[in-house]
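A short worksheet on the structure shown next.
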Amino acid sequence: MYSGRFLRTILILCFAAFAFGGCHRNWHYIPYTFRAEEVPQRPDYGNTSHWAALPDLTDLADATPKPELRDQQDAASCDVFFVHPTTFYKTDARWNAPLNEAPVNEWTDKGPMLHQASVFNGTCRVYAPRYRQAHFKSYLHPEEGGRQALDTAYSDVKQAFIYYLQHYNQGRPFYLAAHSQGSSHAIRLIQDLIDQNPELRAQMIAAIIPGMPVHHDDFENVPPCTAEEDLGCFMTWMTYGKGFYPDFYDSTYVDHIIHNPITGRMLDTLYSPTNLHLGIVNSKFKLKYNHTISASCREGMLWIERPDVPVLKWFIKNRIWHTADYNLFWMNLRNMIEHKANVYLGSQKK
0 MYSGRFLRTI LILCFAAFAF GGCHRNWHYI PYTFRAEEVP QRPDYGNTSH
50 WAALPDLTDL ADATPKPELR DQQDAASCDV FFVHPTTFYK TDARWNAPLN
100 EAPVNEWTDK GPMLHQASVF NGTCRVYAPR YRQAHFKSYL HPEEGGRQAL
150 DTAYSDVKQA FIYYLQHYNQ GRPFYLAAHS QGSSHAIRLI QDLIDQNPEL
200 RAQMIAAIIP GMPVHHDDFE NVPPCTAEED LGCFMTWMTY GKGFYPDFYD
250 STYVDHIIHN PITGRMLDTL YSPTNLHLGI VNSKFKLKYN HTISASCREG
300 MLWIERPDVP VLKWFIKNRI WHTADYNLFW MNLRNMIEHK ANVYLGSQKK
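Counted from 1, the sequence shown has number 264 at position 265 by numbering that gives the first Met the number 0; the numbering is strictly sequential.
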């Protein structure tokens with residue numbers, strides 16, 4: 000069950016996403032009492048159509064934004080279990096998305112599978128379940144049905160992860176990765192299945208869970224990463240423009256763990272030099288604008304300086320970058336994912 004603190008912080012993130020424009024601009028929600036008998040049918044993860052990405056399927060997690068970058072899943076020694084963010088925004092009375100909802104699946108595939116999960120395909124085999132994700136309104140109305148909707152979504156993610164371990168993983172090292180609603184479920188997955196399990200902790204290269212507040216006391220045995228070489232740890236960040244404090248900012252923000260994905264360091268208050276930034280993946284899935292972003296961990300947020308690129312001026316003015324948490328640092332993340340995996344694999348040979 001999600002705590003009151005958790006639901007409050009996730010609500011903050013949802014308002015941020017809405018302000019950024021990650022939701023459909025004509026989106027409205029329909030309040031409606033949650034009824035268990037109206038919950039969509041449970042997934043069957045033995046059915047490949049209930050996965051958004053699998054290594055043996057052709058899917059958008061196979062794509063790369065430059066020809067010289069290659070999808071290496073066939074040769075990969077590592078896996079990633081990726082939990083996608085909310086893509087169920089349509090005007091709807093339902094609390095959870097059915098797995099066969101074509102518009103939702105298309106949004107998932109052309110959004111987070113293409114722009115987020117693909118960052119792993121140079122190093123990892125990509126496993127990304129479809130799940131009965133909670134509608135956006137779940138965060139606005141937790142007592143009317145939001146908690147049940149989130150619990151329903153999490154039950155699928157947990158089922159998919161267990162299925163992945165039993166049928167796909169075969170003892171390989173893995174990343175746990177996610178974004179936004181997906182990160183909320185990944186946090187709970189760590190708490191329920193990984194934090195107290197030494198074998199799974201030893202298998203996990205790292206958890207990459209941006210777009211969701213993570214606190215110092217959320218895990219007992221999975222620490223925050225402090226450097227790119229750290230293993231069995233987690234990384235997280237929430238991206239805003241430099242100097243920006245959202246209207247909902249309060250003292251609880253300072254308890255958030257924040258990493259700079261350009262440097263891989265935690266609570267790094269010095270702005271990273273732009274020459275360390277390796278490029279942005281834009282809305283057309285093109286890798287561009289390297290050496291344009293400088294970032295710093297400040298007061299529970301990741302602040303980025305406005306890049307000195309004329310074509311990006313319009314893009315950066317909003318200053319709430321929830322839906323771009325991966326895109327802004329895509330190439331840095333891809334390199335870091337490869338580096339951590341190599342460190343892990345090297346440590347197993349000693």
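Built from N, CA and C at the ideal position, the CB exists for glycine as well.
Owing to the predicted nature of the structure, the values given are computational and were not obtained by experimental measurement.
Exercise. With DSSP as the reference, label I79 as helix, strand or coil.
Key: The residue labelled residue 79 in the question sits at position 80 within the sequence shown. In the sequence on display, residue 79 carries Val and not Ile. Annotated three-state conformation of V79 is strand, per DSSP.
Exercise. Give the C-beta separation of P172 and Q202 to the nearest angstrom, bearing in mind that I take them to be a contact with Cβ-Cβ under 8 Å.
Key: For the purposes of this step, residue 172 is identified with residue 173 of the sequence shown, where counting begins at 1. For the purposes of this step, residue 202 is identified with residue 203 of the sequence shown, where counting begins at 1. Rounded to whole angstroms, the Cβ separation of P172 and Q202 is 6 Å, and the two are in contact under 8 Å.
Practice problem: Check whether the Cβ atoms of S293 and I303 lie closer than 8 Å to each other. | Solution: For the purposes of this step, residue 293 is taken as residue 294 along the sequence shown, with counting starting at 1. For the purposes of this step, residue 303 is taken as residue 304 along the sequence shown, with counting starting at 1. Yes; because the gap between Cβ atoms is below 8 Å, this pair is in contact.
Practice problem: Please report the Cβ distance between R93 and H134, rounded to the nearest whole angstrom; I am assuming they are in contact, meaning their Cβ atoms lie under 8 Å. | Solution: Position 94 of the sequence shown, counted from the first residue, corresponds to residue 93. Position 135 of the sequence shown, counted from the first residue, corresponds to residue 134. In this structure, R93 and H134 form a Cβ contact; the two beta carbons are roughly 7 Å apart against a cut-off of 8 Å.
Self-check item: beta strand (DSSP E) segments (min. 3 residues) lying fully within the stretch 266 to 322
Solution: Complete beta strand (DSSP E) runs here, min 3: 294 to 297 and 300 to 303.
Quiz item: Bridge partners of I207, per DSSP?
Solution: Mapped onto the sequence shown, residue 207 falls at position 208. Looking at the DSSP output, I207 bridges to A176 and M234.
Quiz item: Which word fits E364, buried or exposed, when buried means at least 16 other C-beta atoms lie within 10 angstroms of its C-beta?
Solution: Residue numbering for the chain in the displayed model covers 0 to 349; residue 364 lies beyond these limits and cannot be assessed.
Quiz item: For the 8 Å Cβ check, are there 3 or more pairs between the stretch 317 to 335 and the stretch 234 to 243?
Solution: Judged by Cβ distances under 8 Å, the stretch 317 to 335 makes contact with the stretch 234 to 243, as three or more pairs qualify.
Quiz item: Since H114 contacts V156 with CB under 8 Å, what's their CB separation in whole angstroms?
Solution: Along the sequence shown, read from residue 1 onward, the residue named residue 114 stands at position 115. Along the sequence shown, read from residue 1 onward, the residue named residue 156 stands at position 157. The beta-carbon separation of H114 and V156, rounded to 20 Å, does not stay under the 8 Å limit for a contact.
Quiz item: Do you know offhand how far H290's Cα is from K348's?
Solution: Sequence index remark: in the sequence shown, residue 290 carries index 291 (1-based). Sequence index remark: in the sequence shown, residue 348 carries index 349 (1-based). Between H290 and K348, the C-alpha separation is close to 35 Å.
Quiz item: Counting only runs that start and end within the stretch 45 to 122, where is the alpha helix (DSSP H) found for 4 or more residues in a row?
Solution: Whole alpha helix (DSSP H) segments, 4+ residues: 101 to 107.
Practice problem: Out of Y88, I186 and T225, point me to the one whose CA is closest to F218's CA. | Solution: What you label residue 218 is simply residue 219 of the sequence shown in a count that begins at 1. Nearest to F218 by alpha-carbon distance, out of Y88, I186 and T225, is I186.
Self-check item: Between the CA atoms of C296 and I319 - distance to the nearest angstrom
Solution: Within the sequence shown, residue 319 is the residue found at index 320, counting from 1. Within the sequence shown, residue 296 is the residue found at index 297, counting from 1. In a straight line, the C-alpha of I319 is about 15 Å away from that of C296.
Quiz item: The alpha helix (DSSP H) with D150 in it runs from where to where?
Solution: Locating residue 150 in the sequence shown gives position 151, counting from the first residue. Annotation: the continuous alpha helix (DSSP H) that includes D150 extends over R146 to Y163.
Quiz item: In chain order, what residues of the same chain lie with their CB nearer than 6 Å to the CB of H214, ignoring the 5 residues before and after it?
Solution: The residue labelled residue 214 in the question sits at position 215 within the sequence shown. Excluding the 5 residues flanking it on each side, H214 has same chain C-beta neighbours closer than 6 Å at D254, in chain order.
Exercise. Please classify R264: does DSSP put it in a helix, a strand, or coil?
Key: Here residue 264 refers to the residue found at position 265 when the sequence shown is read from its first residue. Strand.
Quiz item: Under 8 Å, do L199 and K339 count as touching if we go by C-beta distance?
Solution: Working through the sequence shown from its first residue, we reach residue 199 at position 200. Working through the sequence shown from its first residue, we reach residue 339 at position 340. No, Cβ-Cβ distance for L199 and K339 is not below 8 Å.
Quiz item: How many Å lie between L53 and N281 at the Cα?
Solution: In the sequence shown, the residue the question calls residue 53 occupies position 54. In the sequence shown, the residue the question calls residue 281 occupies position 282. If you take the alpha carbons of L53 and N281, they lie about 24 Å apart.
Quiz item: Contact check, R264 vs A226 under 8 Å by CB: the rounded distance?
Solution: Locating residue 264 in the sequence shown gives position 265, where the first residue counts as 1. Locating residue 226 in the sequence shown gives position 227, where the first residue counts as 1. R264 to A226, Cβ: 6 Å. Contact.
Quiz item: Which one or two residues does DSSP pair with R124 in a beta bridge?
Solution: Sequence index remark: in the sequence shown, residue 124 carries index 125 (1-based). Answer by DSSP bridge pairing, in chain order: D78.
Quiz prompt | Cβ shell of I207 (< 7 Å), same chain only, five flanking positions each side left out | solution = Taking the first residue of the sequence shown as 1, we reach residue 207 at position 208. Here the set comprises Y174, A176 and M234.
Exercise. Taking only the alpha-carbon atoms, compute the straight-line gap between K65 and N334 and give it to the nearest angstrom.
Key: Position 66 of the sequence shown, counted from the first residue, corresponds to residue 65. Position 335 of the sequence shown, counted from the first residue, corresponds to residue 334. So the two alpha carbons sit approximately 14 Å from each other.
Practice problem: Enumerate in chain order the residues of its own chain whose CB-to-CB distance from L68 is below 6 Å, with the five nearest sequence positions on each side excluded. | Solution: Mapped onto the sequence shown, residue 68 falls at position 69. Sequence-distant Cβ neighbours of L68 in its own chain, meaning closer than 6 Å and more than five residues away, do not exist here.
Quiz item: Among all the DSSP beta bridges, which residues are the ones paired with A133?
Solution: Taking the sequence shown and counting its residues from 1, one reaches residue 133 at position 134. A133 pairs with N95.
Self-check item: Identity of the residue in I336, A159, L192 and G121 nearest D61 by Cα
Solution: Position 62 of the sequence shown, counted from the start, is the residue given in the question as residue 61. Of all alpha-carbon atoms in I336, A159, L192 and G121, the one lying nearest the alpha-carbon of D61 is that of G121.
Practice problem: Determine the closest residue to A116 out of L98, F284 and V342, with distance taken between C-alpha atoms. | Solution: On the sequence shown, residue 116 is found 117 positions in, with the first residue counted as 1. Closest option to A116, Cα to Cα, is F284.
Practice problem: Report yes if the CB atom of K89 is closer than 8 Å to the CB atom of P102, and no otherwise. | Solution: Walking along the sequence shown from the start, residue 89 turns up at place 90. Walking along the sequence shown from the start, residue 102 turns up at place 103. Cβ distance < 8 Å, so K89 and P102 count as in contact.
Practice problem: Please determine, among I336, Y343, A323 and N341, the residue with the shortest C-alpha to C-alpha distance to H178. | Solution: Taking the sequence shown and counting its residues from 1, the one referred to as residue 178 is at position 179. Per the Cα distances, A323.
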